[in-house]
Amino acid sequence: MTFSAGRLGKAVRVALFVTCLADTLFPEAGKATVRLLERLGHRVEFPLAQTCCGQMHVNTGYVGEALPLVRRYVEVFAGFEAIVVPSSSCTGSVRHQHAMVARRCGDKALAARAGAVAARTWELSQFLTEVLGVEDVDAYYPHRVTYHPTCHSLRMLGVGEAPLRLLRRVRGLTLAELPDAETCCGFGGTFALKNAEVSTAMLADKMRNVLATGAEVCTAGDSSCLMHIGGGLSRLRTGVRTVHLAEILASTQENP
Amino acid sequence: MTGTFLGMPTAPRGVGHLRGAEPFPAAARRALADSQLRRNLAKATSTIRAKRAAVVAELPDWEDLRAAGQAIRTHAMTHLDHYLVQLEEQVTSRGGVVHWARDAAEANRLITGLVRQAGAAEVVKVKSIVTDEIGLNDALAAAGITAHETDLAELIVQLGHDRPSHILVPAIHRNRAEIREIFLREMAGVDPGLTDSPAALTAAARGYLRRRFLSARVGISGANFAVAETGTLCVVESEGNGRMCLTLPETLITVMGIEKVIPSWRDLEVFLQLLPRSSTGERMNPYTSMWTGITPGDGPQHVHLVLLDNGRTAALADETGRQALHCIRCSACLNVCPVYERVGGHAYGSVYPGPIGAILSPQLTGVEDNASLPYASSLCGACYQVCPVKIDIPSVLVHLRARHVEQAAAARRMPAPEAVTMAAAAWVMASPRRWAATQRASRVGRLAGRGDRIRWLPPPLSGWTAARDAPAPPAQTFRQWWKARNGGTA
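Line by line, the protein sequences are chains A and B.
This note's numbering applies: residue 1 is where the first sequence begins, and numbers increase by one.
This note's numbering applies: residue 1 is where the second sequence begins, and numbers increase by one.
In C-alpha cells:
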C-alpha cells in the first residue's frame, strides 16, 4: 500500500504498537520511536488497550491461547491507517501468523479482518523507508556501531538494506560491517530456554563476530534478539552494549 | 480448531531409525562439547554453503525453477493415488515387479525374501536413506545376509560402526584423519602405509569395493525420482559406485518412499537442475542413472520396486505438514541451519536430520515419538530461503508444535507446567488492566539484580541466566511514561 500523503511530507496519523517486551523491559525503544516519528512531523497515538501480538504462544504451540490476543490486536488497531512496530519479529507475527491463528481456530471473519490490519502494520525501518520515503532522519550518534540483521527482519519481512540505509545517514556514526551478519543469533523465543545450550553456542559465534568489528554498540530492529546478544555481551563484561535501532535514529545533537 | 485426521498408521516402533534414544536437547549437549565434531561440521557446511550460493546465483531463473519444483511436487502429492498406480502399471509392463509395503517391518520381510529367492548371501547397496530409515541392513544381517555399502561416505559409516549424520554427506562428521584410522582398523587387506590424502583414501575404498561389485548377485538401491508416465526410476549420485550396483548384479531391488513419484519425464528437467545446485553445489550431477523395467541382455534381468508407506500417508493427511513430502533430499536446509551446523545429524536421532528431519520424522512416527524435534529450531528461516521446492519449514515446525501441545493436553489429566504458564500469560495479556498490574508486579524483579542486570533467575528461566544476563525491569514501563507524558490519555 502507498501513503502518498507521507511521501509528500504531510503528517500521517500513526498508531504505535510498542510490543509487550518493549513496554515492560525496553521502554527506551518505544520512547525513541515516538520521538523519532514526531520529529518527522507525524502524530503518534498509543492505544492503551494494546498488550501482546501472541507470537510467543503461537511459536511455542499454544495457538488457541493466542486467539484472544489476535482478536485484541485487530480490535485495538482496526481504526488506524498505519500501525508502526519497533520489532520485525512482532510485525512478522502480525503479518504471517494472525490470520493463520484465526483460521486454525475456525474464525474466518476474524482471519479476514486480521489480514487487513496486518497489511497496515509496519516494522519501523520499513515504515520510514517504504511508506514515508525518508532515509535521512537528521540523527546524530557519534559512535562505532555494528548492525545485526535479525532473522525475521531479513527473511520474514524482507527489510533488506533499509536499516543500513538509515544508519549510513546518521551523522557521527561509524558503521562497522558485521561478519556472518545474516546468521541467526540463537535467540528464537522459547528456543533460548528449551534449547538453551544450542542457543548459547549460536550466541558465542554472534558475539565473536560483534567483537571482531571493534564496535562499541551492536544495534538491531528487535529488542528480543538484542536482549539475548546484550545479555551475553554483558555476562562476559565485553563492554559492548546493545541499542535498539530506534534509539540511534531518535538521537540528535541537541538530545543525544 | 480444524480436526487433524489421526487415523493413518505411523511408522512402527522397534524397527528402523526414525527415533532417537533421547530428546534433542540432551543429544545436542553432547555434540556441542565435541570440539572435533564442531570443527568438522563448521568447515564442511561453510564450504558447501559457499558452493551452493555461487552456482545458484548463476541462474537468472532460479526463483522460477523453485516455483516450478514446488508446483510439480504439490501436484504429484495431490494426485498421489493416481500416479502410484500409473507407475506400477508402467514398471510392470516393462518387466519389473512392484511390491507395496505398508511399513518398515513389511518392507524388510519383502526384501529379505527377494534376496533369498535370488540365492544370495551378500548384497551391494547404492547410498539410500530409505533403507536406513527401515533398518534394512539389520534385517538382512538377522537373515544371514551381508550388506555392503558402496557409497564412499556410507562405507566409512558402515566400517566405523557409526550412524550417518547428513542426508547427502553421511560421514560429514568425520575428517580425513579419522577416515584413515577407520580404514586401517576395519578394511580387510588395506595397505598399512595408507595416508590421509583424498586420493589415497579413495583408492583404498575403490580396491575394496571393486571385488564386491564384481561378485554381487543382488544390488539394492533407493530412488531419487520415479517417473509415473514411463515407469522410469532415477538415481542421482557423484561417484559411479551407484551405477556399478545398478548395472552389474542380476537382481536389482529398489526401495522408495511413495512420495518420490513425479508425473512425467519432462519434470526431470526441473529437478535435475534444482537438485545438484542445491545439494553438492554442482551445475550438473556427475552420475544420473535411469532404468525402465528390464532391458533384455543388458543389466539386471530381475528388477523389483518396493513402494514404502511407513507413515507417509499419515503425513499426507495433514494439510499443513504434508509439504514435508515434497522434499527432494538435497540437504541445502541442513547446510544453512545454524542449529545443525553446531550439533550435527546424530542429535536429531533420526536418519532425517536438520530442518527437514525436524518436520519429517515427527510426522512419520507421530509427533509424540519425536516431540522434541519441532522445537530444535530458532525459526530463523534460513532453511525456507534455500529450499529448492519452497517447503515452508518454519511454518510446519510451528504447526507441529501446536499438534504436540494439543496431543499432550489430550493425553494428560493435569496440564503441564508450561501449559499453565502459557494459559496464565494469555489470560493476563487478554486484558490491559491485568497486563499493567502484572508489569508493576514484575518490577519486584529489580530486587534480584544489581543495577540494571540480573545475573541469576530460577528455573525455567535459569537456562537463560546460565550464559546471559537478563535486563532488570526499568523503573517505568512504556505505558506509564506515555500516561505521564499525555496526562493519562491515549
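All residues carry an ideal CB built from backbone N, CA and C; glycine is no exception.
- Residues in the region 195-222 of chain A with C-beta within 9 Å of chain B's C-beta atoms, listed in sequence order? Residues passing the 9 Å Cβ filter: 195, 196, 197, 198, 199, 200, 201, 202, 203, 204, 205.
- Check whether the region 106-120 of chain A touches the region 144-159 of chain A, counting contact only when three or more Cβ pairs, one atom from each stretch, lie closer than 8 Å. no
- Task: Compute the Euclidean distance between the alpha carbons of residue 420 of chain B and residue 114 of chain A, then round it to the nearest angstrom.
- Result: 27 Å
- Query: Alpha carbon to alpha carbon, how far is residue 252 of chain B from residue 121 of chain B?
  - Reply: The straight-line gap from Cα to Cα measures roughly 14 Å.
- Entirely within the region 146-188 of chain A and at least 4 residues each: give me those alpha helix (DSSP H) ranges in chain order. 162-168
- C-beta contact flag for residue 33 of chain A and residue 124 of chain A at 8 Å: yes
- Item | Residues that DSSP places opposite residue 148 of chain B in a beta bridge | B/124
- Message: I want to see whether chain B comes within less than 8 Å of residue 129 of chain A, judged by CB atoms only; does it?
- Response: no
- Item | Proximity of residue 99 of chain B and residue 307 of chain B at Cβ, strictly below 8 Å | yes
- Where residue 464 of chain B meets chain A, residues with beta-carbon distance less than 8 Å: 192, 193, 196, 231
- Minimum C-alpha distance to residue 323 of chain B - residue among B/384, B/295, B/431, B/48: B/384
- Which residues in chain B sit within 9 Å of residue 179 of chain A, going by Cβ to Cβ distance? Residues of chain B passing the Cβ test: none, with the nearest at roughly 12 Å.
- Query: Do the region 26-34 of chain B and the region 196-214 of chain A touch if we need at least three Cβ pairs shorter than 8 Å?
  - Reply: Because the criterion of three Cβ pairs below 8 Å is met, the region 26-34 of chain B and the region 196-214 of chain A touch.
- Query: For residue 14 of chain A, is the classification buried or exposed, using 16 other Cβ atoms within 10 angstroms of its Cβ as the cut-off for buried?
  - Reply: buried
- Task: Excluding the 5 residues preceding and the 5 following residue 289 of chain B in the sequence, name in chain order all residues of the same chain whose CB lies nearer than 6 Å to its CB.
- Result: For residue 289 of chain B, where only same-chain residues beyond five positions count, the Cβ hits under 6 Å are 235, 243, 246.
- Task: Please name the residues in the region 371-389 of chain B whose beta-carbon is closer than 9 Å to at least one beta-carbon of chain A, in chain order.
- Result: 372, 374, 375, 376, 377, 378, 379, 380, 381, 382, 384, 385
- Does the beta carbon of residue 174 of chain A sit closer than 8 Å to a beta carbon anywhere in chain B? No, residue 174 of chain A does not count as interfacial toward chain B.
- Taking all protein chains shown into account, do 16 or more other C-beta atoms lie within 10 angstroms of the C-beta of residue 85 of chain B, making it buried, or fewer, making it exposed? exposed
- Nearest-angstrom Cα separation, counted from residue 208 of chain B out to residue 381 of chain B: 42 Å
- Task: For residue 183 of chain A, go through chain B and note every residue whose CB falls closer than 7 Å to its CB, in chain order.
- Result: By Cβ distance, chain B contributes 338.
- Please compile the residues from chain A whose C-beta is within a distance smaller than 7 Å of the C-beta of residue 482 of chain B. Neighbours of residue 482 of chain B in chain A, taken as residues whose beta carbon is under 7 Å from its own, are 46 in chain order.
- CB-CB under 6 Å to residue 215 of chain A, same chain, minus the five flanking residues each way: which ones, in chain order? 144, 145, 146, 176
- Query: Is it buried or exposed for residue 441 of chain B, if we count other Cβ within 10 angstroms and need 16 for buried?
  - Reply: exposed
- Task: Say whether chain B places a C-beta atom closer than 8 Å to the C-beta of residue 107 of chain A.
- Result: no
- Task: Mind checking which residues open and close the alpha helix (DSSP H) that includes residue 456 of chain B?
- Result: The continuous stretches of alpha helix (DSSP H) do not include residue 456 of chain B, and DSSP gives it neither H nor E.
- Item | Residues of its chain near residue 129 of chain B, where Cβ-Cβ distance is below 8 Å and the 5 sequence neighbours each way are ignored | 164, 167, 222, 329, 351, 352
- Query: Name the chain B residues whose beta carbon is nearer than 8 Å to that of residue 31 of chain A?
  - Reply: Residues of chain B whose Cβ lies closer than 8 Å to the Cβ of residue 31 of chain A are, in chain order, 478, 481.
- Message: Going by DSSP in three states, residue 414 of chain B sits in which element: helix, strand or coil?
- Response: coil
- Message: Please state the DSSP three-state secondary structure of residue 471 of chain B.
- Response: strand
- Item | Beta-carbon neighbours of residue 32 of chain B, restricted to chain A and to distances below 8 Å | 197, 198, 201
- Query: Roughly how many whole angstroms lie between the Cα atoms of residue 58 of chain A and residue 414 of chain B?
  - Reply: 21 Å
- Query: Is there contact between the region 68-85 of chain B and the region 107-117 of chain B, where contact requires at least three CB pairs shorter than 8 Å?
  - Reply: no
- Message: Can you tell me where the alpha helix (DSSP H) holding residue 225 of chain A begins and where it ends?
- Response: First-last of the alpha helix (DSSP H) with residue 225 of chain A: 223-235.
- At a Cβ threshold of 8 Å, is residue 468 of chain B touching chain A? At least one chain A Cβ lies under 8 Å of residue 468 of chain B.
- Task: Just grab the DSSP bridge partners of residue 253 of chain B for me.
- Result: B/220, B/304
- Item | Neighbour flag for residue 441 of chain B against chain A, beta carbons, 8 Å | Not an interface residue.
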